[in-house]
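Going by this note's numbering, the letters in the sequence shown line up with residues 629 to 869, in that order. The beta-carbon is built from N, C-alpha and C at its ideal position, and this holds for glycine as well.
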Amino acid sequence: MRKIFTDFPITDEFILQGIDAKHVLRVLRYDVGDTVMVTDCTGNTYACEIVESDGVVARLQPLKHISSKKASSGVVVLAVGLLKNDKFDWVIQKGTELGVDVIVPIQMEHCVVKLNDNRQSNKLNRWRRIAIEAAKQCGRDDIPIVDEIATWDKLCIDYKDYHFLVPYERETRPLRDVIPAFRQGNIVVCIGPEGGFSLSEIDVVKSMVGATYSVSLGTRILRAETAALATLAIIMYERGL
Numbered sequence: 629m630r631k632i633f634t635d636f637p638i639t640d641e642f643i644l645q646g647i648d649a650k651h652v653l654r655v656l657r658y659d660v661g662d663t664v665m666v667t668d669c670t671g672n673t674y675a676c677e678i679v680e681s682d683g684v685v686a687r688l689q690p691l692k693h694i695s696s697k698k699a700s701s702g703v704v705v706l707a708v709g710l711l712k713n714d715k716f717d718w719v720i721q722k723g724t725e726l727g728v729d730v731i732v733p734i735q736m737e738h739c740v741v742k743l744n745d746n747r748q749s750n751k752l753n754r755w756r757r758i759a760i761e762a763a764k765q766c767g768r769d770d771i772p773i774v775d776e777i778a779t780w781d782k783l784c785i786d787y788k789d790y791h792f793l794v795p796y797e798r799e800t801r802p803l804r805d806v807i808p809a810f811r812q813g814n815i816v817v818c819i820g821p822e823g824g825f826s827l828s829e830i831d832v833v834k835s836m837v838g839a840t841y842s843v844s845l846g847t848r849i850l851r852a853e854t855a856a857l858a859t860l861a862i863i864m865y866e867r868g869l
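In structure tokens:
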């Protein structure tokens with residue numbers, strides 16, 4: 629059963645309106661007496677009954693607490709260089725399904741995509757909608773943060789106290805050798821764009837972030853979006869998520 633999210637804690641009856649009400653009442657065709665799964669801003673999920681509806685807005689009554697957001701072993705950030713076409717949309721969707729906490733789009737030296745302020749705003753709005761829809765579809769108890777587009781230097785400054793995992797095509801050390809450092813704690817998984825990391829970007833992260841681990845993902849050359857999801861899936865498996 630698909631769920632919806634509220635931006636307030638659920639303590640008693642509440643009103644559902646706007647896009648979520650339209651989806652529940654018109655698309656899913658729910659009516660008075662039907663039950664909807666709703667997750668509030670604290671990560672608590674409730675089975676809620678529609679007790680009143682005029683076809684545009686609905687009043688819901690929480691019936692049963694279903695689940696709470698699981699205790700975290702640390703924040704998982706996925707930082708990916710901007711990708712062409714709809715590839716970043718796919719990364720947002722699948723990263724959300726895999727359980728990432730934060731997604732940071734990065735404008736990097738070898739990015740083919742260059743976004744002006746207006747296009748950045750449009751893209752961010754789209755990516756955040758995709759994250760919300762993916763969270764609803766996969767039954768998460770939260771929605772990942774899709775952060776503002778950042779530079780590589782800013783990423784390194786903002787998360788300098790995290791452990792950085794950097795899959796890099798010129799590296800020979802296998803990912804499995806550094807897995808223990810990423811089983812818990814706050815981490816950043818860094819994926820370059822189609823053109824890969826520049827030498828200067830590798831130098832920057834190693835000089836600015838003390839806990840930087842550059843690794844190889846194997847003998848085959850992976851597309852950026854494949855590398856992002858393959859690495860994230862391995863890390864989430866190791867963290868029991």
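Exercise for the section: In the DSSP assignment, find the alpha helix (DSSP H) that holds E829 and state where it starts and stops. Expected result: DSSP places E829 inside the alpha helix (DSSP H), whose first and last residues are 827 to 836.
Exercise for the section: Note down the Cα distance separating K788 from T840, rounded to an integer number of angstroms. Expected result: Answer to the nearest angstrom: the Cα atoms are 9 Å apart.
Practice task
Please work out which residues of its chain come closer than 8 Å, Cβ to Cβ, to K834, disregarding the five sequence neighbours upstream and downstream, and give them in chain order.
Solution key: Closer than 8 Å at Cβ, skipping near neighbours: T840, S842.
Exercise for the section: Indicate whether D659 and S681 have their beta-carbon atoms separated by less than 8 Å. Expected result: In this structure, S681 lies closer than 8 Å to D659 by Cβ.
Handout entry: Short Cβ contact (8 Å threshold) for R897 with E866
Key = In this structure the chain extends from 629 to 869, so residue 897 is not present and cannot be described.
Exercise for the section: Ignore the nearest five residues each way along the sequence and tell me which others in I643's own chain have a CB closer than 7 Å to its CB. Expected result: V685, R687, listed in sequence order.
Handout entry: Residues bridged to T597 (per DSSP)
Key = Shown here, the chain extends from 629 to 869; a query on residue 597 therefore has no answer.
Exercise for the section: Put Y841 into one of helix, strand or coil per three-state DSSP. Expected result: DSSP places Y841 in strand when its eight states are reduced to three.
Exercise for the section: Could you tell me which residues DSSP puts in a beta bridge with I815? Expected result: BP columns for I815 point to V704, H791.
Handout entry: Residues bridged to S681 (per DSSP)
Key = In the DSSP output, where bridge partners are listed per residue, S681 has A686.
Problem - Continuous beta strand (DSSP E) stretch holding V664: start and end - result: Taken as a continuous stretch (DSSP letters only), the beta strand (DSSP E) holding V664 covers 663 to 667.
Practice task
Assign F825 to buried or exposed, taking buried as 16 or more other Cβ atoms, counted over all protein chains shown, within 10 Å of its Cβ.
Solution key: Sixteen is the threshold: when 16 or more other Cβ atoms of the shown chains lie within 10 Å of the Cβ of F825, as they do, the residue is buried.
Handout entry: CA nearest to the CA of A809, picked from L752, L793, D640
Key = It is L793 whose Cα lies nearest to the Cα of A809.
Problem - Under the three-state DSSP convention, the category G709 falls into - result: Correct three-state label for G709: strand.
Problem - Nearest-angstrom beta carbon gap, G723 and G820 [assumed within contact, 8 Å] - result: Incorrect: roughly 16 Å between the Cβ atoms, too far for contact.
Practice task
Could you have a look at L743 and say whether DSSP puts it in helix, strand or coil?
Solution key: Three-state result, L743: coil.
Practice task
Identify whether S695 lies in helix, strand or coil by the three-state DSSP scheme.
Solution key: In the three-state scheme derived from DSSP, where H, G and I count as helix and E and B as strand, S695 is classed as strand.
Exercise for the section: Starting from I643, follow the alpha helix (DSSP H) in both directions and report where the run begins and ends. Expected result: Not the alpha helix (DSSP H): I643 falls in the beta strand (DSSP E), residues 642 to 644.
Exercise for the section: State the start and end residues of the unbroken alpha helix (DSSP H) segment that holds I632. Expected result: Counting along the chain, I632 sits inside no alpha helix (DSSP H); it lies in the beta strand (DSSP E) bounded by residues 631 to 633.
Problem - Counterpart residues of P802 in DSSP-defined beta bridges - result: S844.
Exercise for the section: Would you identify the three-state DSSP class for T673, choosing helix, strand or coil? Expected result: Strand at T673.
Practice task
Look at C784 and V832 and say whether their C-beta atoms are less than 8 Å apart.
Solution key: The Cβ-Cβ distance between C784 and V832 falls below 8 Å.
Handout entry: Minimum C-alpha distance to R851 - residue among Q721, V837, K715
Key = Taking only the C-alpha atoms, the option nearest R851 is K715.
Practice task
Measure the beta-carbon distance from L743 to I771 and round it to whole angstroms, keeping in mind my assumption that it falls under 8 Å.
Solution key: About 23 Å separates the beta carbons of L743 and I771, which is beyond the 8 Å limit, so they are not a contact pair.
Problem - Residues of its chain near P690, where Cβ-Cβ distance is below 7 Å and the 5 sequence neighbours each way are ignored - result: Taken in chain order, the residues that qualify are I638, Y674, C676.
Problem - Reduced DSSP category for I807 - H, G, I as helix; E, B as strand; rest coil - result: Assignment of I807 by DSSP, reduced to helix, strand and coil, places it in the helix class.
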